[in-house]
Amino acid sequence: MKSPILHSEALKICVQLLFVIKCKAAVLWELEKPFSIEEVEVAPPKAYEVRIKMVATGICRSDDHVVRGSLVTPLPMILGHEAAGIVESIGEGVTTVKPGDKVIPLFVPQCGKCSVCKHPEANICCKNDLTNPRGTLSDGTSRFTCKGKPILQFLGTSTFTQYTVVDEMSVAKIDAASPLEKVCLIGCGFSTGYGSAIKVAKVTQGSTCAVFGLGGVGLSVVMGCKAAGAARIIGVDINKDKFAKAKEVGATECINPQDYEKPIQEVLQEMSGGGVDFSFEVIGRIDTMISALLCCQKAYGVSVIVGVPPNSQNISINPMLLLNGRTWKGAIFGGFKSKDSVPKLVADFMAKKFSLDSLITHVLPFEKINEGFELLRSGKSIRTILTF
Ligand code: PAD
Ligand code: ZN
Ligand code: ZN
């Protein structure tokens, strides 16, 4: 016979699990339109799912790429993928987090079982919703509804909402003492940039690096290059207002392509005596991806694509550019295996191995999300943090 205490405990958990939460979320109903703050219903987590109370979320250019239609996903959707929060409830079978834990949602999952997860270097787990987005959790459905309609989820996360539900493989428990309004940036921008330098390019001591694009991700690349011991870090941006901050985090020189008659790759080749060791495209444009490739040394240079290119645009290049020995790579989330690496990156932040303060230029209440996007589009912000 079941003990009455155990039975009531089980009942309490069941009641908690069946509870639908009504809360505020920013819904993108149509492309090119502002976000609309709506009351949404957030279904309870199913087995192996986790419901999270959001505390802080950053605004990343990839969110804006969706609004602009250059990153194609189905709509209506709740965007946002760079955040931190607290576990509100868990579904059956969840073992790696519990209610009350501080967590970061992971826009690249880590199932731990697929061929990519088992590969020592790769990180784009087969369960991702990036390459062919369905806008759902791994079971093919979303946990949001609004006005009777299902609202889709972005990259298995959705953080522009007071509550979200994610798969257990898409959430990492972090240090209970971490400041969520800062470490939310470890959910995307910081880790993407920093990892692109230290893990993907494997920047070497004394090397020369060129970083195209000095937004939140580009500045994090600069920080990674500096941490790896690069001797010269050349920032490239068409917005001069970004230069002071780039120098503050480690750029040794900054240049604006609009100040030169000749192509920027030639300027960089001259500045570096034949080509830089490592180059990074952190904008998301085809022309700058080619410039970044061309500016690196032709026999041993490494060029990394970080920016997300506009949908269905192709690059055509002369294969000789690679036959000579250059390496051309790309990576998502800085090549980090998400569930393993995020807690370690937070621990490194807590140990003061890097600072996130330079990346945070604005903090706004969540309801002012459209203002936050305007700051990004006008080039006035690096990262805006929305707080709940
Ligand atoms: P951002 O808009 O804050 O920064 C982009 C910077 O590029 C700005 O400072 C612009 O002034 C500058 N810029 C624009 N056009 C040019 C140009 N023609 N030449 C030189 N500079 C230019 O964006 P972000 O830092 O949030 O993101 C940068 C890119 O990285 C963007 O495409 C985003 O979608 C992508 C991204 N990728 C990943 C990933 O996992 N690979 C993750 C997060 C973001
Ligand atoms: Zn992002
Ligand atoms: Zn996997």
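The sequence shown runs -25 to -1, 1 to 363 under mature numbering (1 follows the signal peptide of the UniProt record, and there is no 0). From the three backbone atoms N, C-alpha and C, an ideal C-beta is built for every residue, glycine too.
- Following the DSSP letters along the chain, one finds I79 in no alpha helix (DSSP H) but inside the beta strand (DSSP E) bounded by residues 77 to 80.
- In its chain, beyond the 5 residues on either side, R26, K28 have a beta carbon closer than 6 Å to the beta carbon of E63.
- When the beta-carbon positions are compared, V2 and S11 come within less than 8 Å of each other.
- G168 and A205 have their C-alpha atoms roughly 15 Å apart.
- Bridge partners of L361 according to DSSP: T32, L339.
- Looking at the backbone, the Cα of D39 and that of F329 are separated by about 27 Å.
- Per DSSP, C271 lies in no alpha helix (DSSP H) and is assigned neither H nor E.
- Look at the beta carbons and you see the stretch 193 to 212 touching the stretch 247 to 258: at least three pairs across the two are nearer than 8 Å.
- For Q128, the enclosing beta strand (DSSP E) begins and ends at 124 to 128.
- With contacts defined as CB atoms closer than 8 Å, M264 and P284 qualify as a contacting pair.
- Excluding its 5 nearest sequence neighbours in each direction, A326 has no C-beta neighbour in its own chain below 7 Å.
- Checking the 7 Å criterion, the Cβ of C92 is within range of a heavy atom belonging to ligand 3.
- CA-to-CA, the gap between L105 and C229 works out to about 33 Å.
- The alpha carbon of K(-2) has as its nearest neighbour, out of E14, S182, I261, the alpha carbon of E14.
- Short of 6 Å from the beta carbon of V279, and not among the five residues preceding or following it, lie these beta carbons of its own chain, in chain order: S171, V175, A176, F255, K304.
- Relative to E223, the option among K201, Q244, N214, I213 whose CA is nearest is K201.
- Under the three-state reduction of DSSP, C200 is assigned to helix.
- DSSP places D142 in the strand class (E or B) of the three-state scheme.
- Contact between the stretch 67 to 78 and the stretch 142 to 157 is established, with three or more Cβ pairs separated by less than 8 Å.
- Look at T263: its beta carbon is less than 7 Å from one of the heavy atoms in ligand 1.
- With a threshold of 16 other beta carbon atoms within 10 Å, I99 meets it and is buried.
- When only Cα atoms are considered, F363 and L243 end up about 44 Å apart.
- Apart from the 5 residues on each side of it in sequence, T183 sits with its Cβ closer than 6 Å to the Cβ of R207, S247, V251, D252 in its chain, given in chain order.
- A buried status is given to V141, since no fewer than 16 other beta-carbon atoms sit within 10 Å of its beta-carbon.
- For C229, the uninterrupted beta strand (DSSP E) run begins and ends at 228 to 230, by DSSP.
- As the crow flies, the alpha-carbon of Q85 is around 33 Å from that of G300.
- Per DSSP, reduced to three states, the secondary structure at G347 is helical.
- Listed in chain order, the non-local C-beta contacts of L269 below 6 Å within the same chain comprise Q240, local neighbours out to five positions each way being set aside.
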